Amino acid sequence: MNPLYFTLASTLSMALAAPHTLAQGTDDKLRTGEQVYRQTCVACHESGVAHAPRFGDAKAWAPLIEEGQAVLTAHAFVGVRGMPARGGDDKLSLDEFARATAYMARQAGGSWQDPDNQLMFSIRTEAQKRLDSEIAAKRKMKKELHRLNQAAERARKK
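Numbering (the working numbering), first residue to last: 45 to 202.
Next up, the structure:
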């Protein structure tokens, strides 16, 4: 197994398992959802690039809002559909990402609030499940490719 893969998996696992920063008393250091939107999310959600739901588009956001705040936030943070993990910003914390997601949902008619400790726990748990599922799928794909390469090598030697 590639050492980089393990490093990435462990780093993401530790980040997702870390305690919520609000519980550590650093709430004042977190950017608001609007600030994160304007600094990161606007790049895709303003124009709708790669099928990103446009900011304020209630019709586009409705099925996403129906997924629920923990599920949508977690899946988007890990990366889903055309969206890269962390919205393409490697320095974006899960807490700030969750605030931005709630902000965008509110602007599209949702009633989501900035997540509290309990909701952040649910988001981290869901993100971990999503990540574990993706890792398992990649491992399965890797085994299949390995098997195909071995078969091709055997056929080549004949």
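Each residue gets a CB set at the ideal place from its N, CA and C atoms; glycine is no exception.
Computed from a predicted structure; not experimentally measured.
Quick one: what's residue i bridged to in DSSP?
{"i": "Val124", "result": "Met127"}
I believe residue i touches residue j by the beta-carbon criterion, under 8 Å. Please report the beta-carbon distance rounded to the nearest angstrom.
{"i": "Cys88", "j": "Met148", "result": "The pair is not a contact, with the Cβ atoms about 11 Å apart (cut-off 8 Å)."}
{"i": "Asp101", "j": "Ala144", "result": "So it is not a contact: roughly 16 Å between Cβ atoms."}
{"i": "Ala104", "j": "Arg98", "result": "6 Å"}
{"i": "Leu138", "j": "Ile167", "result": "7 Å"}
Between residue i and residue j, is the Cβ-Cβ spacing less than 8 Å?
{"i": "Thr117", "j": "Ala142", "result": "yes"}
{"i": "Phe121", "j": "Ala171", "result": "yes"}
Output the boundary residues of the alpha helix (DSSP H) element that contains residue i.
{"i": "Cys88", "result": "Val86 to His89"}
{"i": "Thr145", "result": "Leu138 to Gln151"}
{"i": "Val80", "result": "Gly77 to Val80"}
Report task. Report yes or no: do three or more beta-carbon pairs, one from the stretch 117-132 and one from the stretch 91-103, lie closer than 8 Å? Result -> With the cut-off at 8 Å, the stretch 117-132 and the stretch 91-103 touch.
Report task. Would you check if the stretch 159-177 and the stretch 102-121 touch, i.e. whether three or more CB-CB distances between them fall below 8 Å? Result -> Yes, the stretch 102-121 touches the stretch 159-177.
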